[in-house]
Amino acid sequence: MGKPGFMRDPVLLAYATLAVLSVPWLLLGLAPRPTSWAVQTVLDVALVWSGGRLARLATGQRHARRFWRALQVAMLCCTAGDAYQTILVVRDPSRTDVSVLQTVMVVVAMTIMAATMLRHPLGATGRQRLRLWLDAITVLAGVAIFLWYFSLAPQLSGAHAADRYVAAASAAVMLVVVFGVLKLVFSDPPPFTLSAGLVASVGITTTALGTSVSLVLTGGRIAFVVQVLSCTPHPRQPPAPGAAAASPQRAAHR
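Structure (structure tokens):
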């Protein structure tokens, strides 16, 4: 038997190794703020390269190619914002606030990916499409309750109106992004594997929680660890030419 797909991809192994090694390093507080931002910038650059690589591999898959190109552009925005924040923190290590530019670039990146995911076709018809929508609505209802209980409700009780608006907007964006991930997982064919969608969902949920819980309890270390882990992609290898036409024949012989 050959090696699993995960073990055959040296780039994916490098991502996974970096993520695993980062867990104790970040949880123990061994990484100063400049180093944390620098690591995030390096991950952004790696994902820009990975997005371009996967887009080139998605030959003949227009929607998958569009998704990976959008990811590449979004990560370019994140790279610019995180690199700028890294420079600020290196120049002033005592700085704890996040610059407006970094926040704007992240919002732009999230908007690009949300729009791309919402435009991705489901690839189903009739009852199957209705079932997918009902499944998505059920999961979104659970996510909404989860975000409200752990993140949004405590922020809405605060005294500052700006904090309430930011918390509400963040929760709304998280719901849109989670819906986009679900739509991609349910689509046929999806641009990534189910495990990749689950990892991305964990990263999104933890990011939402990190704005209210992790920042208070751990200084943001747990949130950053899970975000690093969620940067470990599970790319879906595009099928070889003619595989789509051959699949019904294989199914008929089963």
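Using the working numbering, read the sequence shown as starting at 308 and increasing by one per residue.
Each residue gets a CB set at the ideal place from its N, CA and C atoms; glycine is no exception.
**Three CB pairs or more closer than 8 Å across the segment 367–386 and the segment 405–425** = Yes, since at least three Cβ pairs between the segment 367–386 and the segment 405–425 fall closer than 8 Å, the two stretches touch.
| task | Would you mind giving the Cβ-Cβ distance between Val483 and Ala421, rounded to the nearest angstrom? I have them listed as a contact below 8 Å. | result | The pair is a contact, with the Cβ atoms about 5 Å apart (cut-off 8 Å).
**Prompt:** Just reading off the alpha helix (DSSP H) that Asp399 is part of, what are its end residues?
**Reply:** Judged by DSSP secondary structure, Asp399 falls outside any alpha helix (DSSP H); it is assigned neither H nor E.
Have a look at Thr423 and Gly487 and give me their C-alpha separation to the nearest angstrom. When rounded, the distance between both Cα atoms is 8 Å.
How many Å lie between Leu491 and Ala507 at the Cα? Approximately 11 Å between the Cα atoms of the pair.
Q.
Below 8 Å, how does it come out for the segment 388–408 and the segment 343–353: are there three or more Cβ pairs, yes or no?
A. Judged by Cβ distances under 8 Å, the segment 388–408 makes contact with the segment 343–353, as three or more pairs qualify.
request  = Spatial neighbours of Val318 within its chain, please: CB distance less than 6 Å, with the 5 preceding and 5 following residues excluded, ordered by chain position.
outcome  = The beta carbon of Val318 sits closer than 6 Å to no other beta carbon from its chain once the five residues preceding and following it are set aside.
Spatial neighbours of Ile419 in its chain, beta-carbon cut-off 8 Å, leaving aside the 5 residues before and after | So the qualifying residues of the chain are Ala377, Val380, Ala381, Cys384.
(message) Just to confirm my understanding: we take Trp344, look at its own chain, exclude 5 residues before and 5 after, and list those with CB closer than 7 Å. What are they?
(response) Counting only Cβ-Cβ distances below 7 Å, and skipping sequence neighbours, we find Asp389, Gln392, Thr393, Val396.
query: So Pro498 packs on Trp375, CB below 8 Å; how close in whole Å?
result: Sure, about 7 Å apart at Cβ, within 8 Å.
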